[in-house]
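Protein chains in written order, with our numbering: chain A, 1 to 279; chain B, 280 to 606.
Data first, discussion second: the structure below is written as structure tokens.
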Amino acid sequence: MAAASSRSIKRRLLASKLSIFGLLIVLILVITGVFAPYLAPYDPNEMMFEYVYHSPSQDFLLGTDALGRDVLSRVVWGARTSLFVGIGATVVALLVGVTFGGLAGFYGKITSQVFMRLADVQLSIPSLILLIVAAAVLGERNMPVIVAIIGITMWPTLGRVTRSKVLDLKTRDYVEAAKIAGASNTRILWRHIMPNGLGPITVIATLDIGSAIIMESSLSFLGLGDPRMISWGNMLSTGLQDMIPAPWMAVFPGFAIFFTVWGLNMFGDALRDALDVEA
Amino acid sequence: MGLTTYIIRRIAVAIPTFFGITLIIFVLIQMAPGDIIDFYTSANPDVIEDAEQMEKLKERLGLGQPIPIQYFKWVSRLIVFDFGHSFETHRKISEELKARLGATTALFLFSHLIGWPIAIAIGILSAIKPNSVYDHFGRAFALVGIAMPAFWIGLMLILVFGVKLRWFPLGGSVSSSIEYTGIFTMMWDHAWHLVLPSVTIALRSIATTMRMTRAEMLEVLKKDYIITARAKGVAENVIRIKHALRNSLMSVVTLIGLSMGYVFSGAVLTETVFGWPGIGRYMVHAVNVRDYPAVMAVAVLISMMVLLANLITDITYCWINPRIRYD
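Printed below as a string of structure tokens:
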């Protein structure tokens, strides 16, 4: 991948139709999330009691819920929550994973053993189960904390990849050369190793954004998320209860999750092909 | 290295993992704000009147001891499947779990029964005929299946087949209004309730297994012995079934073991959607009433099953394919 210039990566990425489609969906998510206040037709929390369980119509494109709130406006605001969750959790996972993985790869055997055993053990607990236990412990569930724990459950994969990349790169000649030239460890790690290990890390991080969104909505669906947030998972949780009077409540937030994660996965896959990495 | 040595070594690796898992779960629970005892009393507001009773209760729950001692006592009881007593019902948690494990197992078996044949069939077809209708269908299905949250698939199935078409019940594991007239009507009723939740879990595993089967088949079909067989004039169908399928199924079978984690996470969500009385729904309920011993028990139980499944998978794989041992 060292040979691939950024221009040829861009060209290869844009050559695949799926990646453009995926990118388009991701863009829609970002725009919707950022401009939610301008895009939503109603205030998402405004209760219009004369329009309770109003089925999808011209006034309410996706219908209303049990409290007469506009479902479309809530789906739009939910995009903002998902964007925050996806990016926030991935940043946490990157911070923890790249730091631990980098240290484990760069420094000797014991550091490596400690971190990698921790990763192994954590990977043998299914992440949703770990998240449920963590959610059980939280006194008050608020979104930033939930985002942080989702990020922590995702670190092991990033940690492993970073470690193996560092292990591979640190024996390369140019790293040896830098060492002989008297470069410090920090400088070698950040200037020589990280830029060349970025490919697989980028791909995994892209795919992690989607997983984080699914994890948050799963948690919220189980009633273990932040109940005050407008999130697609919370909406589906009430959608399950109101399935018979208002089936549309269970349909649209699910489509939102599906398209978002689908788009991110397609983009991540295309990125993997364009960067020519195995991740 | 013989198989026995391999098994012993593999188990020796699993033991520290077991302690690691229990330690993570234990430490997490210790991080709960406030005292565990507060949760006990909030679940049972009538039991505590004065400080003296509080001390007695602490004694009984083993909460007075130093934390490392508490951990070791808890782990040593875990090994004999003693998970302590539920804060909520005061019954033994092992009994509570035993009452629910059957429902989860039924879901697990039924979903694999539906999922695997379909997944393997489509996988084979799309490997034999790349870029055919099957292949395109398989690819699209895999992308869609992975991006759809399991619980939403369940919701949509209930909406279409339960609410609209009324073919299947909306949830639960038995009909409350039916008097059973015999064993067959009872089994029929159970099976009828099992369909939608099982399909929910199966769809997800089909999405991954299908692509895996395809990839393995394609890999094997490129091997020299396939070309040799073709050159000998062996019929194409015999090559596909006898030579290629058999060899590719080996690695597909290991997926059963490795997919356990997904299956259990999926079970927690699916059981909640369908009101299915299994251990997943029990866990969510336990979290809501802050029944900590029960939360810990289910988390440990599920992690142990995943660990055990991985162990069995590795050993089976090694038994089928002895070359792996030398790696």
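All C-beta atoms in this analysis are idealised placements derived from N, C-alpha and C, irrespective of residue type, glycine included.
A quick note: this is a predicted structure, and the numbers were derived from the prediction, not measured.
The C-beta of Trp262(A) comes closer than 8 Å to at least one C-beta of chain B. By DSSP's assignment, Asp120(A) forms no beta bridge with any residue. Neighbours of Ile294(B) in chain A, taken as residues at a C-beta separation under 9 Å, are lacking, since the least C-beta distance is about 12 Å. Distances from the CA of Leu61(A) to each of Asn185(A), Val251(A), Ala270(A) were compared; the closest alpha carbon is that of Val251(A). Between Val161(A) and Leu275(A), the C-beta spacing is not below 8 Å. In the three-state scheme derived from DSSP, where H, G and I count as helix and E and B as strand, Asp173(A) is classed as helix. Each residue's CA atom was taken as its position, placing Arg80(A) and Asn265(A) some 19 Å apart. Taking 8 Å as the cut-off, the Cβ atoms of Ile125(A) and Ile300(B) count as close. Ranked by Cα distance from Ile372(B), the options Thr384(B), Val574(B), Phe447(B), Ile581(B) are led by Val574(B).
Annotated three-state conformation of Asp168(A) is helix, per DSSP. Neighbours of Ile425(B) in chain A, taken as residues whose beta carbon is under 7 Å from its own, are Asn265 in chain order. The beta carbon of Leu169(A) sits closer than 8 Å to those of Val175, His192, Ile193, Asn196, Gly197, all from its chain and outside the five residues before and after it, given in chain order. Lys408(B) sits in coil when the DSSP states are folded into three classes, being neither helix nor strand.
By DSSP's assignment, His364(B) forms a beta bridge with Lys371(B). When 7 Å is used as the limit between beta carbons, Pro126(A) is near these residues of chain B: Gly540, Phe543, Ser544, Ile581, Val585, in chain order. For a cut-off of 8 Å, the C-beta gap from Leu219(A) to Ile146(A) is around 7 Å, short enough to register as a contact.
With respect to Met249(A), Gly263(A) sits apart: the two C-beta atoms are not nearer than 8 Å. Classified as exposed, Ser55(A) has fewer than 16 neighbouring CB atoms from the shown chains inside 10 Å of its CB. With its beta carbon at least 8 Å from every one in chain B, Met229(A) lies outside the interface. DSSP, read as helix, strand or coil, puts Asp414(B) in helix. Secondary structure note for Ala494(B): its alpha helix (DSSP H) is the uninterrupted segment 462–500.
Judged by their CB atoms, Ser82(A) and Thr206(A) are not nearer to each other than the 8 Å cut-off. The Cβ atoms of Met47(A) and Leu23(A) do not sit closer than 8 Å to each other. As a beta-bridge residue in DSSP terms, Thr64(A) pairs with Asp70(A). The continuous alpha helix (DSSP H) containing Glu550(B) extends over residues 539–553. Residue-level contact check: Pro347(B) does not touch chain A, since none of the beta carbons of chain A fall below 8 Å from its beta carbon.
Residues of chain B whose Cβ lies closer than 7 Å to the Cβ of Met154(A) do not exist, since the nearest Cβ in that chain is about 14 Å away.
Between Pro41(A) and Leu14(A) the beta-carbon gap is near 34 Å, outside 8 Å, which marks them as no contact. Leu138(A) and Ile201(A) do not touch by the CB rule: their CB atoms are close to 29 Å apart, not below 8 Å.
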